[in-house]
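*Asks:* Just so we're aligned: 525 in the numbering used here is position 173 of the sequence shown, and the numbers increase by one with no gaps anywhere.
No residue lacks a Cβ here, since even glycine has one placed at the ideal position from N, Cα and C.
Let me begin by handing over the structure; questions about it come next.
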Amino acid sequence: MTATDQHAGSTGQVTEERARQVAEEARQTTWDQPSFGKELFLGRFRLDLIHPHPRPDDEARERGEKFLAELEQFCREQIDPMVIERDALIPDDVVRGLAGIGAFGMKIDREYGGLGLTQRYYNQALMLVGSVNASLGALLSAHQSIGVPQPLKMFGTEAQKKEFLPRCARGEVSAFLLTEPDVGSDPARLHCTATPDGDDYVLEGTKLWTTNGVIADLLVVMAAVPPGEGRRGGITAFVVEGNSPGITVENRNAFMGLRGIENGVTRLHQVRVPAANRIGKEGQGLKIALSTLNTGRLSLPAICAGAAKWCVQAAREWAAERVQWGKPVGEHEAVSGKIAFMAATAYGLEAVLDLSSDLADAGSHDIRIEAALAKLYASELAWTVADELVQVRGGRGYETAASLAARGERGVPAEQVLRDLRINRIFEGSTEIMHLMIAREAVDAHLSVAGDIIDPKAELKAKARAGAKAGGFYAKWLPTLVAGRGQLPKGYSEFGPLARHLRFVERSARRLARQTFYGMARWQGGMEQHQRYLARLVDIGAELYAISAACVRAQMIREDQPERADDVQQLANAFCEQARLRAEALFDRLWENSDDVDREVALAVLAGKHTWLEEGVLDPSLPGPTISAAPTGASTKENLHRTTR
Ligand SMILES: Cc1cc2nc3c(=O)[nH]c(=O)nc-3n(C[C@H](O)[C@H](O)[C@H](O)COP(=O)(O)OP(=O)(O)OC[C@H]3O[C@@H](n4cnc5c(N)ncnc54)[C@H](O)[C@@H]3O)c2cc1C
353 MTATDQHAGS TGQVTEERAR QVAEEARQTT WDQPSFGKEL FLGRFRLDLI HPHPRPDDEA
413 RERGEKFLAE LEQFCREQID PMVIERDALI PDDVVRGLAG IGAFGMKIDR EYGGLGLTQR
473 YYNQALMLVG SVNASLGALL SAHQSIGVPQ PLKMFGTEAQ KKEFLPRCAR GEVSAFLLTE
533 PDVGSDPARL HCTATPDGDD YVLEGTKLWT TNGVIADLLV VMAAVPPGEG RRGGITAFVV
593 EGNSPGITVE NRNAFMGLRG IENGVTRLHQ VRVPAANRIG KEGQGLKIAL STLNTGRLSL
653 PAICAGAAKW CVQAAREWAA ERVQWGKPVG EHEAVSGKIA FMAATAYGLE AVLDLSSDLA
713 DAGSHDIRIE AALAKLYASE LAWTVADELV QVRGGRGYET AASLAARGER GVPAEQVLRD
773 LRINRIFEGS TEIMHLMIAR EAVDAHLSVA GDIIDPKAEL KAKARAGAKA GGFYAKWLPT
833 LVAGRGQLPK GYSEFGPLAR HLRFVERSAR RLARQTFYGM ARWQGGMEQH QRYLARLVDI
893 GAELYAISAA CVRAQMIRED QPERADDVQQ LANAFCEQAR LRAEALFDRL WENSDDVDRE
953 VALAVLAGKH TWLEEGVLDP SLPGPTISAA PTGASTKENL HRTTR
């Protein structure tokens, strides 16, 4: 049986159950450190875990600020973002210049030649560089957050670290190769194989959408090792030299946004990789990828928060100057509402980002839920913020910066930021997958006590045993959800006028846990099929986390920069008001919604029942199969791989 067969089954099809099993095996199941997010979903608002807001130490701050200043100067003097957009290419001298100041080694420890920045400063650097052009943010974060440095930092041997990390820090670009034509959100379908041969593995397969793949010197490749005598096999991670014989970059892909990224289709044919380049054990690949993303996921919220901040500036400058119907457009209420949303959201996204990053740096918290919530929340909200900027700028919002500049106006790239942001809702875990992943953690407490009751396949005896165990758990847990500090009129009074928002979080966390329990009780084993219900629970959790972060950050700013106390109070309050309304609307829609009707409609559409609706239009798509085959064997195409060094 080949590794692929093992995953795909003899028909080559992966069942829903098998896909879930593979995801479940990759999940980190232990909780060795406290988690604010986990507690929140259990109905316990553990403010003590996030307040006082952790702060970077002096040494980390000094090093971080020094690098940010250098990076800012480089960006201002050496990068023309419009050239990247026009040529759909980051010039090689920009890549080399970034390498020269150490930007490819921001997250790499100093002992391996990196800058050893904290998560906080790494994220701030991504925010800065991503605001110049989002493709730069993607280049650096694909290299460091999912490329070679992070998995090696967490799972590499000392020899691997010594060999590869200094190269990465010097600017040898790395890429992460998991996706294939038939593998997106479902890694159980992975076809790329790694067959042991003596002291090597031989890799075979095609990888799709490899960010940095075209210029990468080092790759992390996920491939399935076939099971054999004495080996379990399974999806495994390898560090592979980008110029290894048998690797062909067959295509440079182009997208709606991120025009500058070097994203490729990478074909691997009989690529020999020494066993010494395997990261972790055979079969650990997905676990490594997921653990890497525990903090790696914070890159995208950084880029999103940076984009939201820039949107506020662009909206402010425009809406104060543009006069229509006798006053600046920003003073018309329809527009001012959008500006308030943009400003409050920029504040909220930065609050979520900084809190999550500082918790990661403190090292004493498990932040996997917080980072996942940050990715989900920031990618969704930043997109809306950019959309509002386009709207506020009217026709100029839809016009390209180059066109605006060509006719003598300021080249504000509003439409570009919208295009660039869109992908954040899809990659590094799509919104739908993030909902499922976080929901899985949110209901984990229930699954671990009620496992067999809700497992449709469990036998009656096992169900009875689980029933007794669950009864004991719920008898203790449910009463804790009835009352709490959020009901006391003076609860959290040290937060001044923001205290009422924290009381809301405390009450809502208990309500959220109760609703999760009701969902479990109603659907039991079928709950996972109610994805929209689960998504709402998760989105409520995200709003509650964001409100908490906004208040805790406000308190920190009030203490550290008293001159900003009023300003921060205004923004934090507005953010909390808006977030509360979103949370309330989500609560309302938990049980009053059109989910059942919609499910029927979707099935009818998929079955072709409503094709009459599509009459009267033509399909402009180019011909070709919906999903290309992932060919194996030697490539017949020109190798587009190049190096920027
Ligand atoms: C610009 C760009 C850069 C990328 N960079 C990289 C990279 O560097 N390395 C890499 O390995 N990959 C990369 N990717 C791939 C990216 O991670 C995938 O696009 C992403 O994982 C989604 O997979 P997919 O596109 O195949 O969508 P699919 O998995 O086909 O999903 C289609 C839709 O169905 C939803 N969906 C899928 N499964 C479920 C489910 N179980 N329940 C509910 N909804 C579901 C998805 O959310 C999505 O809306 C990149 C993609 C792009 C476009």
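I need the boundaries of the beta strand (DSSP E) containing R624, first residue and last residue.
*Replies:* Within the sequence shown, residue 624 is the residue found at index 272, counting from 1. Judged by DSSP secondary structure, R624 falls within the beta strand (DSSP E) whose first and last residues are 615–626.
*Asks:* By Cβ distance below 6 Å, which residues in the same chain neighbour M353 in space, the five residues on each side in sequence not counted?
*Replies:* For the purposes of this step, residue 353 is taken as the residue at position 1 of the sequence shown. Reliability of the predicted coordinates at M353 is poor, the pLDDT of 38 falling under 50, and the value obtained from them is presented with this limitation in mind. Correct list: empty, nothing qualifies.
*Asks:* Roughly how many angstroms separate the alpha carbons of G489 and N603, rounded to a whole number?
*Replies:* Position 137 of the sequence shown holds residue 489. Position 251 of the sequence shown holds residue 603. C-alpha separation (whole angstroms): 22 Å.
*Asks:* Indicate, with yes or no, if ligand 1 has a heavy atom lying under 6 Å from the CB of L530.
*Replies:* Your numbering for residue 530 matches position 178 in the sequence shown. Taking 6 Å as the cut-off, the C-beta of L530 counts as close to a heavy atom of ligand 1.
*Asks:* Is the beta carbon of S980 within less than 6 Å of some heavy atom of ligand 1?
*Replies:* Residue 980 sits at position 628 when you count from the first residue of the sequence shown. Checking every heavy atom of ligand 1 against the Cβ of S980, none is found closer than 6 Å.
*Asks:* So does W964 have its beta carbon nearer than 6 Å to some heavy atom of ligand 1?
*Replies:* Mapped onto the sequence shown, residue 964 falls at position 612. Incorrect: W964 has no Cβ contact closer than 6 Å to ligand 1.
*Asks:* Taking I453 and L423 to be in contact with their CB atoms under 8 Å, please state how far apart those CB atoms are, rounded to whole angstroms.
*Replies:* In the sequence shown, residue 453 corresponds to position 101, counting from 1. In the sequence shown, residue 423 corresponds to position 71, counting from 1. At roughly 6 Å, the Cβ-Cβ gap stays under 8 Å, so I453 and L423 are in contact.
*Asks:* Figure out for me which residue from F847, G678, L854 has the closest Cα to the Cα of Q839.
*Replies:* Working through the sequence shown from its first residue, we reach residue 839 at position 487. The shortest C-alpha separation from Q839 is found at L854.
*Asks:* Would a C-beta distance cut-off of 7 Å place A695 and V737 closer than the cut-off?
*Replies:* On the sequence shown, residue 695 is found 343 positions in, with the first residue counted as 1. On the sequence shown, residue 737 is found 385 positions in, with the first residue counted as 1. No; because the gap between Cβ atoms is not below 7 Å, this pair is not in contact.
*Asks:* Is D357 helix, strand or coil when you go by DSSP?
*Replies:* Within the sequence shown, residue 357 is the residue found at index 5, counting from 1. For D357, the predicted model reports a pLDDT of 40, less than 50, meaning its position is unreliable; a value from the coordinates is still stated below. Residue state, collapsed to three classes: helix.
*Asks:* With DSSP as the reference, please indicate the residues paired to N646 in a beta bridge.
*Replies:* The residue labelled residue 646 in the question sits at position 294 within the sequence shown. According to the DSSP secondary-structure assignment, N646 is paired through a beta bridge with no residue.
*Asks:* Output needed for R888: all residues of its chain with C-beta closer than 7 Å, excluding positions within five of it in sequence on either side, in chain order.
*Replies:* Mapped onto the sequence shown, residue 888 falls at position 536. Correct list, in chain order: L938, R941, L942.
*Asks:* Return helix, strand or coil for D445, following the three-state DSSP convention.
*Replies:* Along the sequence shown, one-based indexing puts residue 445 at 93. Looking at D445 - three-state DSSP - the assignment turns out to be helix.
*Asks:* Are there 16 or more other CB atoms within 10 angstroms of the CB of D891, so buried, or fewer, so exposed?
*Replies:* Within the sequence shown, the letter at position 539 stands for residue 891. Buried: at least 16 other Cβ atoms inside 10 Å.
*Asks:* Check whether the Cβ of W561 lies closer than 6 Å to any heavy atom of ligand 1, and answer yes or no.
*Replies:* Position 209 of the sequence shown, counted from the start, is the residue given in the question as residue 561. At least one heavy atom of ligand 1 is nearer than 6 Å to the Cβ of W561, so yes.
*Asks:* Tell me where the beta strand (DSSP E) around E602 begins and ends.
*Replies:* By 1-based counting over the sequence shown, the position of residue 602 is 250. It spans 599–604 - the beta strand (DSSP E) in which E602 sits, taken as one unbroken run.
*Asks:* Below 8 Å CB to CB, which residues in the same chain sit around T363 once its five sequence neighbours on both sides are set aside?
*Replies:* Stepping through the sequence shown from its first residue, residue 363 is reached at position 11. Here T363 scores only 37 on pLDDT, less than 50, and its place in the model is too uncertain to base an answer on.
*Asks:* Given that a residue counts as buried once 16 or more other Cβ atoms are within 10 Å of its Cβ, and exposed if not, what is N485?
*Replies:* On the sequence shown, residue 485 is found 133 positions in, with the first residue counted as 1. Buried is the call here.
*Asks:* If S537 and S782 are in contact, beta carbons under 8 Å, what's the gap, nearest whole angstrom?
*Replies:* Here residue 537 corresponds to residue number 185 of the sequence shown, with the count starting at 1. Here residue 782 corresponds to residue number 430 of the sequence shown, with the count starting at 1. Confirmed, about 6 Å.
*Asks:* I think L707 touches I402, with their Cβ atoms under 8 Å apart; what is that distance to the nearest whole Å?
*Replies:* Within the sequence shown, residue 707 is the residue found at index 355, counting from 1. Within the sequence shown, residue 402 is the residue found at index 50, counting from 1. Yes, L707 and I402 are in contact; Cβ-Cβ is about 6 Å, under 8 Å.
*Asks:* Any heavy atom of ligand 1 closer than 6 Å to the beta-carbon of G609?
*Replies:* Sequence index remark: in the sequence shown, residue 609 carries index 257 (1-based). Checking the Cβ of G609 against ligand 1 gives no.
*Asks:* Three-state secondary structure (DSSP) at K998?
*Replies:* Residue 998 lies beyond the stretch modelled for the chain, which goes from 353 to 997, so this question has no answer here.
*Asks:* From the DSSP secondary-structure annotation, give me the bridge partner or partners of E532.
*Replies:* Residue mapping note: residue 532 aligns to position 180 of the sequence shown, counting from 1. Its beta-bridge partners are V535.
*Asks:* Hey, would you say I721 sits closer than 7 Å to G389, going by beta carbons?
*Replies:* Here residue 721 refers to the residue found at position 369 of the sequence shown. Here residue 389 refers to the residue found at position 37 of the sequence shown. In this structure, G389 lies closer than 7 Å to I721 by Cβ.
*Asks:* Which residue wins for smallest C-alpha separation from K842, given the options L833, F856, L830, W829?
*Replies:* For this step, residue 842 is matched to residue 490 along the sequence shown. It is F856.
*Asks:* Rank L504, S596, A521 by C-alpha distance to the C-alpha of L645 and give the top, closest one.
*Replies:* Locating residue 645 in the sequence shown gives position 293, where the first residue counts as 1. Selection L504, S596, A521 evaluated against L645 yields L504 as nearest (Cα-Cα).
*Asks:* Is the beta carbon of P680 closer than 7 Å to that of A686?
*Replies:* Taking the first residue of the sequence shown as position 1, residue 686 is located at position 334. Taking the first residue of the sequence shown as position 1, residue 680 is located at position 328. No.
*Asks:* Is the beta carbon of A527 closer than 7 Å to that of L478?
*Replies:* Taking the first residue of the sequence shown as 1, we reach residue 478 at position 126. Taking the first residue of the sequence shown as 1, we reach residue 527 at position 175. Contact: no.
*Asks:* Are L560 and T531 close, meaning C-beta to C-beta below 7 Å?
*Replies:* As a position in the sequence shown, residue 560 is number 208, starting the count at 1. As a position in the sequence shown, residue 531 is number 179, starting the count at 1. Taking 7 Å as the Cβ cut-off, L560 and T531 qualify as a contacting pair.
*Asks:* According to the Cβ coordinates, are F456 and H495 closer than 7 Å?
*Replies:* Counted from its first residue, the sequence shown places residue 456 at position 104. Counted from its first residue, the sequence shown places residue 495 at position 143. Yes. Within cutoff.
*Asks:* Taking the alpha carbon of R997 as the point to measure from, which residue in W383, S387, F397, V446 has its own alpha carbon closest?
*Replies:* Reading the sequence shown from its first residue, position 645 is the one you call residue 997. R997 has its Cα closest to that of V446, out of W383, S387, F397, V446.
*Asks:* Compare the Cα-Cα distances from L517 to each of H787, D569, G612 and report the closest residue.
*Replies:* In the sequence shown, the residue the question calls residue 517 occupies position 165. Looking at the Cα atoms, D569 is the closest of the given residues.
*Asks:* Below 6 Å, is the gap between the Cβ of G536 and the nearest heavy atom of ligand 1?
*Replies:* What you label residue 536 is simply residue 184 of the sequence shown in a count that begins at 1. Within the cutoff, so yes.
*Asks:* Using DSSP with H/G/I as helix, E/B as strand and the rest coil, what is A589?
*Replies:* If you number the sequence shown from 1, residue 589 lands on position 237. It is a strand residue.
*Asks:* Taking just the CA atoms, how far does F426 sit from V481?
*Replies:* In the sequence shown, counting from the first residue as 1, residue 481 sits at position 129. In the sequence shown, counting from the first residue as 1, residue 426 sits at position 74. When rounded, the distance between both Cα atoms is 10 Å.
*Asks:* With C-beta atoms as the reference, is L773 less than 7 Å away from A659?
*Replies:* Counting from one through the sequence shown, the residue named residue 773 turns up at place 421. Counting from one through the sequence shown, the residue named residue 659 turns up at place 307. Cβ atoms of L773 and A659: closer than 7 Å.
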